[in-house]
Structure formats: C-alpha cells, structure tokens
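Read through the structure below, which is laid out as structure tokens, and then see the notes.
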Amino acid sequence: MDVSQSLEGLQAEVEEDYGEKIVALRRDIHREPELGFDTEKTAEKVLAALDGLPLDIDTGVARNGIVATLQGGEGPIVALRADMDALPIEEETKLPFASEIEGRMHACGHDGHTSMLVGAAHALSQGALSDHLNGTVKFVFQPAEEGGGGGKVMVDEGVADDVSSIFALHLWPGLPFGTVATKAGPIMAAADAFEMEIRGSGGHGAMPHLAADAVVIAAQVVTALQTIVSREVDPVEPAVLTVGEIGAGMAFNIIPEKAHLGGTVRTLNSDLRETMPRRIEAVARGVAKGMRGDANLDYTFSYPVTVNDEDAANRALGVAGGLFGEEYVLEPPNPSMAAEDFAYFLEKVPGAFIWLGVGEDVSGLHSPQFAFDEEILPRGSALLAALALEACQPVS
Ligand SMILES: [Zn+2]
Ligand SMILES: [Zn+2]
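Using numbering that gives the first Met the number 0, the first residue of the sequence shown is number 0, and each one after it goes up by one.
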C-alpha cells in the first residue's frame, strides 16, 4: 500500500486520538522545567505518557535520557530526537500553566518537542500507521541541549550506532504558523567560546607612564578582534565574533594590572572554525604586546555546525509537502547562527534538522515571553511520524 495514502488524515487522527494527551504532557513539563542533564522528572513524565505502547525502553541514557524503540519490520532503523531541558530564565508569559519553579522556564520549546515526539510514538505504534511501518523507529528523548552537549553524550553512548537516518524538529518563531522549513547543508552554526586574560602592569591613575594599562589594552583588543570577521573572513562566508563579557579594575583612580574578556564565535564552515582561535590569539597578543602587555587565550570548541544531509533534507521537505501542502513548505535562504547539539547526531548519521514555524509575531526563543499555540503539537507529531514512515520505506 502507498504510504501517502496511509498519511492522509494523519494530523487529524493525531489530534483526535492523542491531542489532549500531548497538550496535557506539554503543560505538565512546562510547569516543572528542569535544566541540563537533571531531567529526571521530565523523563518520568515521558515514561508515563509512553506507558502501554509496544516499545522497548532504555532509561538512564546520557543520565536522564530515554531511548524507546518500536520494532516494525526488516527495514532500516530511523531515529527521531527531541530535547527535554529548559533554561535558567524567569518566565513572564502569565500562562495558566507557567513555570512553577523560580528562575527556570521552557523558553526554547523543548517541552513542545518532547510532547510531539510522544505523539509520534503513539501514532506509529497503535494508529492506522503501525501496519505500514517497514522498519524500526527509535524515539530519542535527550537531556542537556542548552549547553552540556547531551546529544554528544548520547552519540558517545552508542544511541546512533545502528541508525540509518535521523530527524529532529525545532519550533521556530518568525516562520509562518505550521510552516516546515529545512535545507540541505549547514542549517545551524558552530558555537565556540573563549576567555581571555589581558595582562599589563598596575599603577596610579595619575601616572599612566609608569604602568601598562590593562583597560586600554583590553579596549584595543576588543576593537582589533572585530577586524578578524570584517577584514580576514571572506565577506560571503558567515561568521560572528562577539565579546560579551569585559571586566577590569576595582577603583576609579587605580590602573588595573589585568582585564578579562569572554566571547563567542559562530561559524558555518569547519575550516574557518578551526582557524579562528589562532587568529584571535595572534591579534590579541600582537595588540597587547605592542602596548607593553600580553594576552592569554583559553578557547573552547563547543557544538559543531549542524549539517543536514542533502537527500534527507529534500525528503523531509517532500514529506511535509505531501502532509500539509506545498504552501507550508519552505527552504530557508539562510541558516541560523544559533547552535544546536543535534549536530553531533548529524556528524554520525545522515538526517535533517527541521524548523516548524509557530508564527511571525511570536516572541523569540530564549525570551521570557516565548509561548506558542499548542495547535502546532499534533502537526509536529504527524510530521515526525510521517518522516519515520517514509525513511523506513525500502528504496525503490
Ligand atoms: Zn535553546
Ligand atoms: Zn532549542
């Protein structure tokens, strides 16, 4: 039987059969946000929501992650991944199910991702679709996306070893509601971090000639660092260098000996990514030494570039078009310079990271006002289920 026939009415089916359940789960998770790897209660809620489904369940993956496996025939193993963690933000949405934990909020929609994946597990294990499943689906519930690299830990623990393709959704403000957007190649940037100590020599604020002023050196270094992207990187190659932290001094009339800088570097090209620490160090030390000081760089490579497989991205767009209509499908012209630890899965397995639009007037991700219309949840579940179903089909 043609898969597209079995997909007909999938969203309506999800909405009718599991709609209330996934909204309730989302709200439950939203009320009680957990950070990093400490997603113990969220995992318990997921397990309760999966209870009764014919799944093989592994818990304790990457500490509080879950891998639930649905066996469905001889075909390939497809993975669908959702992240479960929240952010250290004080919620300001005034929603009736707003966070009950001070200083924590699901401001990146991971509560939605988790619920959508639970909805997909229901649709694939017991709905009309289950008869058409030709392979195995792994439902991957991951902790610690917002820093911590839970995705890397899961990959290191072997979650992706037997997987032939993988997909993940991210709710996306700024895109029209219900729009499915993805593209081949880089879709999210690499996010690296640096700390820098600038050293001069301290002295009296009135006698600068007897000191090497770390404040003035730091100011020159910040300015000079901005020329790396503007003067050294090909202007059509995206890169960001932001100094987000600067600190020095204790008193208005003392020239401090040291200054501290902290920053982030975003790139989409792995070669460029690797040259950045060398150039940052060379520019900073050159400037600092020229001013009788020195600079020490401490550079941390963090999440790599999220690179979609061309075939998987195109197939995902095709599945979305078939499910919702071509008017809901978009190939975004540009990637985002934000980062995503789904990148680690995509380094291992071909797949696609997909943005699901929640509207153009919605507050941005990581904002204390971020909220979305829950009508998106059954849509996301249907899309995930359809992606798995399609990816399990034998290649014709
Ligand atoms: Zn986020
Ligand atoms: Zn996120």
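Glycine included, every Cβ here is placed at the ideal spot set by N, Cα and C.
Quick one, which of the options has its alpha-carbon nearest residue i's?
i: P331; options: V306, F369, K182; result: K182
i: G102; options: A48, P75, R30, L52; result: R30
i: A106; options: T92, L9, S114; result: T92
i: D160; options: A238, P95, V66; result: V66
i: G324; options: K257, A23, V45, T178; result: T178
i: L54; options: V136, E15, I21; result: V136
i: P185; options: V45, V242, L296, Y343; result: Y343
i: G149; options: P367, E194, F36; result: F36
i: A247; options: D16, L240, M195, D297; result: M195
i: D233; options: V304, F96, L267; result: L267
Please return the same chain residues whose Cβ sits closer than 6 Å to the Cβ of residue i, not counting the five positions on each side in sequence.
i: V318; result: A385, L386, E389
i: D180; result: According to the sequence as given, residue 180 is Ala; it is not Asp. Around A180: L174, L329, P331, W354.
i: N138; result: The sequence shown places Phe at residue 138, not Asn. Only A67, L79, L116, A120 meet the Cβ criterion.
i: A48; result: L24, V117
Over what stretch of residues does the beta strand (DSSP E) that includes residue i continue unbroken?
i: Y298; result: 293-302
i: N252; result: Segment: none, N252 is in no beta strand (DSSP E) and carries neither H nor E.
Roughly how many angstroms separate the alpha carbons of residue i and residue j, rounded to a whole number?
i: M0; j: E73; result: Annotation note: pLDDT 44 at M0 (below 50); position unreliable, coordinate value reported separately. Going by the C-alpha atoms only, they are around 17 Å apart.
i: D360; j: L174; result: 9 Å
i: G118; j: V235; result: 41 Å
i: A213; j: A258; result: 6 Å
i: D270; j: A190; result: 14 Å
i: Y327; j: I165; result: 22 Å
i: S124; j: S366; result: 35 Å
i: E43; j: A238; result: 40 Å
i: I375; j: G111; result: 9 Å
i: V348; j: R230; result: 36 Å
i: I373; j: A381; result: First, the residue type needs correcting, since residue 373 is Glu and not Ile in the sequence shown. Roughly 14 Å between the two C-alpha positions.
i: F369; j: H208; result: 52 Å
i: K288; j: T305; result: 37 Å
i: G204; j: E90; result: 44 Å
i: E15; j: F176; result: 20 Å
What are the start and end residues of the alpha helix (DSSP H) that includes residue i?
i: N313; result: 309-323
i: I371; result: Position check: residue 371 holds Phe in this sequence, whereas Ile was assumed. That residue, F371, is in no alpha helix (DSSP H); it is neither H nor E in DSSP.
i: S427; result: Nothing about residue 427 can be reported from this structure: the residues present for the chain run from 0 to 395 only.
What is the C-beta distance between residue i and residue j, in whole angstroms, given that I count them as a contact (C-beta under 8 Å)?
i: A334; j: A188; result: The amino acid occupying residue 334 in the given sequence is Pro; Ala does not appear at that position. Contact holds; Cβ gap of about 7 Å.
i: H109; j: D82; result: 5 Å
i: A122; j: L9; result: 7 Å
i: A192; j: E12; result: Rounded, the Cβ-Cβ distance is 45 Å, inconsistent with contact.
Closer than 8 Å by C-beta to residue i: which residues in its own chain qualify, once you throw out the five before and the five after it? Chain order, please.
i: C391; result: G71, G72, G74, P75, V77, L132, N133, G134, T135, V136
Please return the same chain residues whose Cβ sits closer than 7 Å to the Cβ of residue i, not counting the five positions on each side in sequence.
i: A223; result: V282, V286
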